[in-house]
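Asker: First, the structure itself, so that you have it in front of you.
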Amino acid sequence: MIQKKFTILLFMFSLFNLSAQNKVVVDLNTNTLSTNDYTQNETEINGTFYKKLNEKSALTNTVGYKNKSINYSLTSHELPESLNQFNKIENILEFSHLLNSKTKLIIAAKPIATFEKNIDFKDIALLGGMGIEYQFNTKTSLNIGVTRETYFGSIALLPTISFYHKLNEKLAIDLGFPNTTVSFTNNIRNEFKLTNNFNGSYYNLDKPVLINNTILATTARFSNMTSSIEYDRNVDTNWFLNFKAGYEFNKKFTLEDANNNTTFSDDNNKAYIFTIGIKYKY
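Residue numbers (the working numbering): -19 to 262.
Quick look at the structure:
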């Protein structure tokens, strides 16, 4: 109960604080995913607001909304057609502080609300984490931390690591967990990326769903690993376009009852994904 109240206060603080930011980034993405059993469409919008507090400290505030819709027309499973909409609201408050010339402390609080169609008090949870970033030189850095996240479809405490190195003016690598990126820039307008990411989410159902006329499901869980090729195009000073095509591995979609017992499992293990995005920076 205390955690729920604290999470709601974080939401309110974030929304109240939006007007006091220095830099703004807004991005809209839509993607289509196809498996052997169903098609999935996602629409996501995020607003990121950055404020430098002083010479050593900064605050980054990201507010986002994601809608996931599923079409079961390809599936042979007995799932209700009404189980086709999932929603997520999240807010990431990240505080960074320079401890010395090479070391930075990063602390993040991430209240989320994940629900089917109607939001409820039980849908709110608090994620987040902390890490230390060490800058070896202008081209190389290491970030190690711990986070409370949903990368595998349920909330868990996980380690994070990121090793960044700029090989030359055009090529850079960022290796780690949960994200790995190899980026290549041939000019100021074009950037190409090879990425690998772990993704997961869960959604509380509005009401228990009967599976196979015998078992009630109360939670839906999704998880996967995505490898993709991305292209970012700098249209002008403020506008950017993003195109991404990739493949999802170890893809899982499960339903669970109130005791976390699996009542339905679709372990497709593979899916193709295509994403188009637009970003505005001010």
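Ideal placement from N, C-alpha and C gives every residue a C-beta, glycine not left out.
1) Is PHE101 helix, strand or coil when you go by DSSP?
2) Going along the chain, which residues of its own chain have a beta-carbon closer than 6 Å to the beta-carbon of GLU74, five neighbours each way excluded?
3) Who pairs with VAL215 in a beta bridge, going by DSSP?
4) Do VAL162 and LEU174 have their C-beta atoms within less than 7 Å of each other?
5) Assign ALA0 to one of two classes, buried (16 or more other C-beta atoms within 10 Å of its C-beta) or exposed (fewer than that).
6) Could you pull out every unbroken beta strand (DSSP E) segment of at least 3 residues lying fully inside the stretch 82 to 149, listed in chain order?
7) Would you mind sorting PHE(-4) into buried or exposed? The rule is 16 or more other CB atoms within 10 Å of its CB.
8) Going by alpha carbons, who is nearest to ILE112 out of VAL4, THR140, ASN9, PHE101?
9) Terminal residues of the continuous beta strand (DSSP E) containing ASP7?
10) Buried or exposed: which applies to ARG201, given that a residue is buried once 16 or more other Cβ atoms fall within 10 Å of its Cβ?
11) Put GLU24 into one of helix, strand or coil per three-state DSSP.
12) Starting from the C-beta of GLN65, find all residues in its chain whose C-beta is less than 6 Å away, skip the five residues before and the five after it, and write them out in chain order.
13) Which of the three DSSP states is assigned to ARG201 in this structure?
14) What are the start and end residues of the beta strand (DSSP E) that includes PRO274?
15) Can at least three beta-carbon pairs, one atom from the stretch 142 to 156 and one from the stretch 219 to 230, be found at a separation below 8 Å?
16) Given that a residue counts as buried once 16 or more other Cβ atoms are within 10 Å of its Cβ, and exposed if not, what is SER81?
17) Between the alpha carbons of THR120 and HIS145, how many angstroms are there, rounded?
18) Between which residues of its own chain and THR94 is the CB-CB distance below 7 Å, once the five residues before and five after are set aside?
19) Assuming THR10 contacts THR19 under a Cβ cut-off of 8 Å, what Cβ separation, rounded to an integer in Å, is found between them?
20) Quick one: give me the first and last residue of the beta strand (DSSP E) that ALA251 is part of.
21) Would you identify the three-state DSSP class for THR206, choosing helix, strand or coil?
22) With a cut-off of 7 Å, does the C-beta of ASN21 fall near any C-beta of chain D?
23) Per DSSP, what kind of secondary structure is GLU228 in: helix, strand or coil?
24) Just the Cα atoms here: how many angstroms apart are GLU24 and ILE72?
25) On the three-state DSSP scale, how would you describe TYR30?
26) Under 6 Å Cβ to Cβ from VAL5, same chain only, skipping five residues before and after it: list those, please.
27) Contact check, LYS281 vs ASN192 under 8 Å by CB: the rounded distance?
28) Leaving aside the five residues before and after THR242 along the sequence, list all residues of the same chain whose C-beta is less than 7 Å from its C-beta, in chain order.
29) Going by the CB atoms, is the gap between ASP7 and ASN26 shorter than 7 Å?
30) Since SER62 sits in a beta bridge, which residues does DSSP pair it with?
Answerer: With the structure as the only source:
1) helix
2) THR40, ALA88
3) Paired residues: none, contrary to the question.
4) A contact, by the Cβ cut-off of 7 Å.
5) For ALA0, the predicted structure reports a pLDDT of 49, less than 50, and the residue's modelled location is therefore unreliable. A value from the coordinates is still provided. ALA0 comes out exposed.
6) Correct list: 83 to 95, 104 to 115, 120 to 129, 136 to 146.
7) Unreliable positioning characterises PHE(-4) in this predicted model, as indicated by a pLDDT of 48, which lies under 50. A coordinate reading is not provided.
8) Considering only alpha carbons, the answer is THR140.
9) 3 to 14
10) buried
11) strand
12) SER49, LYS97
13) strand
14) The requested residue 274 is not part of the displayed model; the chain covers only -19 to 262.
15) Contact annotation: the stretch 142 to 156 does not touch the stretch 219 to 230, with fewer than three C-beta pairs closer than 8 Å.
16) SER81 comes out exposed.
17) 4 Å
18) Counting only Cβ-Cβ distances below 7 Å, and skipping sequence neighbours, we find LYS68, ASP103, SER181, TYR182, TYR183, ASN184.
19) That belief does not hold up - the Cβ atoms of THR10 and THR19 are roughly 13 Å apart, past 8 Å.
20) It spans 250 to 261 - the beta strand (DSSP E) in which ALA251 sits, taken as one unbroken run.
21) strand
22) Chain labels in this structure do not include chain D; a single protein chain is all it has.
23) strand
24) Near 15 Å, if we compare the C-alpha coordinates of ILE72 and GLU24.
25) Strand.
26) In the same chain as VAL5, and ignoring 5 residues on each side of it, the C-beta atoms closer than 6 Å to its own belong to THR28, LYS261, in chain order.
27) Within the shown structure, residues of the chain are numbered from -19 to 262, placing residue 281 beyond reach of any answer.
28) THR234, GLU236
29) yes
30) Answer is none; SER62 lacks a bridge partner.
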